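In our numbering, the protein residues as written are 6 to 245.
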C-alpha cells in the first residue's frame, strides 16, 4: 500500500492468497491470461515460492474444463492493462508475511512496542503476552503427553504428526474429530488459533481407533489442575 497507513494503525492488509490473486490480476492482461495460468501463478505465490512454513496450499475445485477460458470473462477487463503481459509466471519476490498462528501474538507485540513506558496499558499488554505464551506452551506439552499416554512413548509423537496419502481424507469420522477436540478443550482449555495446528493430531487419534473414554482419561491426566482462566471454552467458545 502506498502511502503506508499511519504508524499508529496496527493493520493487516490482506491474507497471502488474496494478495497473490489481486497482484496477479492487476499486472496481467485478463483478455489473454487463462484461469489455468492464474491458478498456477497464485498457487506458487501463496506458497511463498514453496516456503510452506509461512505460506499455504492452494487447491482447485469444480469443472476443470474451464481452465482454458480467459479471466476477463469472470473478472472484467481494465483497458489500461491492454499492453500488460498475458502471464509472466512469476509475481515479484517473497512477501513479508506473518503465520496466521502467530497473528494474535504479533498484534500484541506491536501494541506493546507502541505503549508508553511504565504505563498501566503497557503492563496489561505484557500480561496478555505472558498468558498467551503460557497457554501455547501448555497446549503443545499437553498434546505431546496425550499422544504418549494414548499411543506410547516410542510411537506417540510420530503417529500424531503422520500425514496420510495424497487424496485421502484428513479423518475417517468427522463426528469423532469434533468430539475429540471438544473433550480436549473441556479439560485443557481453548485451542485458540495457535492450537488449530494440532487438528491433524486429533484426526490421527480418531483414525487410530482411540475411544472417547480413553481420550478423556488422557486429557484429565495431562491437564488436571490446569486453570485455563479466560482461555476456557466457557469464555472463548468451542472450536467445533
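Using N, Cα and C, we set each Cβ at its ideal position, and we do this for glycine too.
Keep in mind it's a predicted model, so treat the numbers as computed, not measured.
Are residue 110 and residue 138 close, meaning C-beta to C-beta below 9 Å? Numbered from 1 along the chain shown, position 105 holds the residue referred to as residue 110. Numbered from 1 along the chain shown, position 133 holds the residue referred to as residue 138. Going by C-beta atoms, residue 110 is nearer than 9 Å to residue 138.
On the CB-based measure, 16 or more other CB atoms within 10 Å of its CB, does residue 129 come out buried or exposed? By 1-based counting over the chain shown, the position of residue 129 is 124. A residue is called buried when at least 16 other Cβ atoms come within 10 angstroms of its Cβ; residue 129 does not meet this threshold and is exposed.
Please state the DSSP three-state secondary structure of residue 142. Against the chain shown, residue 142 aligns to sequence position 137. In the structure shown, residue 142 sits in a helix (DSSP, three-state: H, G or I).
Within its chain, find whatever has a CB closer than 6 Å to the CB of residue 215; leave out the 5 residues flanking it on each side and keep chain order. What you label residue 215 is simply residue 210 of the chain shown in a count that begins at 1. For residue 215, the CB contacts under 6 Å within the same chain, skipping 5 residues up- and downstream, are 155 in chain order.
Flag this pair as yes or no: are the beta carbons of residue 178 and residue 211 separated by less than 9 Å? Position 173 of the chain shown, counting from 1, holds the residue named residue 178. Position 206 of the chain shown, counting from 1, holds the residue named residue 211. Yes; because the gap between Cβ atoms is below 9 Å, this pair is in contact.
Let me know the secondary structure DSSP gives residue 191 once reduced to three states. Sequence index remark: in the chain shown, residue 191 carries index 186 (1-based). Residue 191 sits in a helix when the DSSP states are folded into three classes.
Around the C-beta of residue 65, are 16 or more other C-beta atoms found within 10 angstroms, so that it is buried, or is it exposed? Translated into positions along the chain shown, residue 65 becomes position 60. With fewer than 16 other beta carbons inside 10 angstroms of its own, residue 65 counts as exposed.
Which residues does DSSP pair with residue 39 in a beta bridge? Counting from one through the chain shown, the residue named residue 39 turns up at place 34. Partner(s): 75.
Looking only at C-alpha atoms, which of 206, 201, 204 and 197 sits nearest to residue 238? For this step, residue 238 is matched to residue 233 along the chain shown. Selection 206, 201, 204 and 197 evaluated against residue 238 yields 197 as nearest (Cα-Cα).
With a 10 Å radius around its C-beta and 16 neighbouring C-beta atoms as the bar for buried, classify residue 71 as buried or exposed. For the purposes of this step, residue 71 is taken as the residue at position 66 of the chain shown. Flag for residue 71 reads exposed.
Contact between the region 105 to 124 and the region 174 to 194 is defined here as three or more beta-carbon pairs at a separation below 8 Å; is this criterion met? Taking one beta carbon from each stretch, the region 105 to 124 and the region 174 to 194 have fewer than 3 pairs nearer than 8 Å; the two do not touch.
Please classify residue 240: is it buried, with 16 or more other beta-carbons within 10 angstroms of its beta-carbon, or exposed? For the purposes of this step, residue 240 is taken as residue 235 along the chain shown, with counting starting at 1. Burial call: exposed.
So, helix, strand or coil for residue 159, using DSSP? Taking the chain shown and counting its residues from 1, the one referred to as residue 159 is at position 154. Residue 159 falls in the coil class under three-state DSSP.
Can you give me the C-alpha to C-alpha distance between residue 27 and residue 62, rounded to a whole angstrom? One-based indexing of the chain shown puts residue 27 at position 22. One-based indexing of the chain shown puts residue 62 at position 57. Roughly 17 Å separates the two Cα atoms.
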